[in-house]
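Below is one structure, written out as structure tokens; the observations come after it.
In UniProt numbering, the protein residues as written are 1 to 161.
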């Protein structure tokens, strides 16, 4: 079987999220770099893969997926018998904890970490000044989330188990 094709950029947190899932599931994949600097993600050939012009995009034969969490859900189901059991098959209580962990990442961690990442890494790449106030406010917020993570990880290998 041909390896999956993951379109993205190395420093993208969303691309990294999918790569982590692929690695945990021991799935063979190929990285297909998308050059944001030249606007490759806004060209018709890429828009045909993701109409929003965002990364990552995963191609698996005839299926093309976008949105990192949807991609990860697909990978976890398709390769459920391979690598780490990311969906806690067979244990409803653990699956419920997994769902909570996923929602915390999506609704608590990502909204605070995203602006920090953008202002420290992306803004300077684009020649923009970082917004220090936004960084400072979100460092406090993400600190609270990380405290919750730390407590959870003191008794579990993963956030969602």
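We put the beta carbon where it would ideally sit given N, CA and C, even for glycine.
Residue of the options minimising C-alpha distance to residue i
i	options	result
residue 106	69, 56 and 73	69
residue 61	54, 42, 41 and 30	30
Counted within 10 angstroms of its Cβ, other Cβ atoms place residue i as buried (16 or more) or exposed
i	result
residue 12	buried
residue 119	buried
residue 38	exposed
residue 18	buried
residue 86	buried
residue 22	buried
residue 91	exposed
Min CB distance residue i to chain B below 8 Å
i	result
residue 114	Absent here is chain B; the protein component of the structure consists of one chain.
Own chain partners of residue i with C-beta closer than 6 Å, once the 5 adjacent residues on each side are dropped
i	result
residue 50	57 and 66
Cut-off 7 Å between Cβ atoms - residues of its own chain near residue i, not counting five sequence neighbours on either side
i	result
residue 161	88, 94, 97 and 98
Cut-off 8 Å between Cβ atoms - residues of its own chain near residue i, not counting five sequence neighbours on either side
i	result
residue 46	7, 34, 40, 53 and 57
- Task: For the region 73-86 and the region 130-143, state whether three or more C-beta atom pairs, one from each stretch, are separated by less than 8 Å.
- Result: no
- Query: Can we say the region 27-47 touches the region 3-10, given the rule of at least three CB pairs closer than 8 Å?
  - Reply: yes
- Query: Between the region 15-31 and the region 78-88, do three or more beta carbon pairs fall short of 8 Å?
  - Reply: yes
- Query: Touch check for the region 111-118 and the region 138-153: three-plus C-beta pairs under 8 Å?
  - Reply: yes
- Which full runs of the beta strand (DSSP E) of 3+ residues lie inside the region 29-109, going along the chain? 29-33, 57-60 and 63-66
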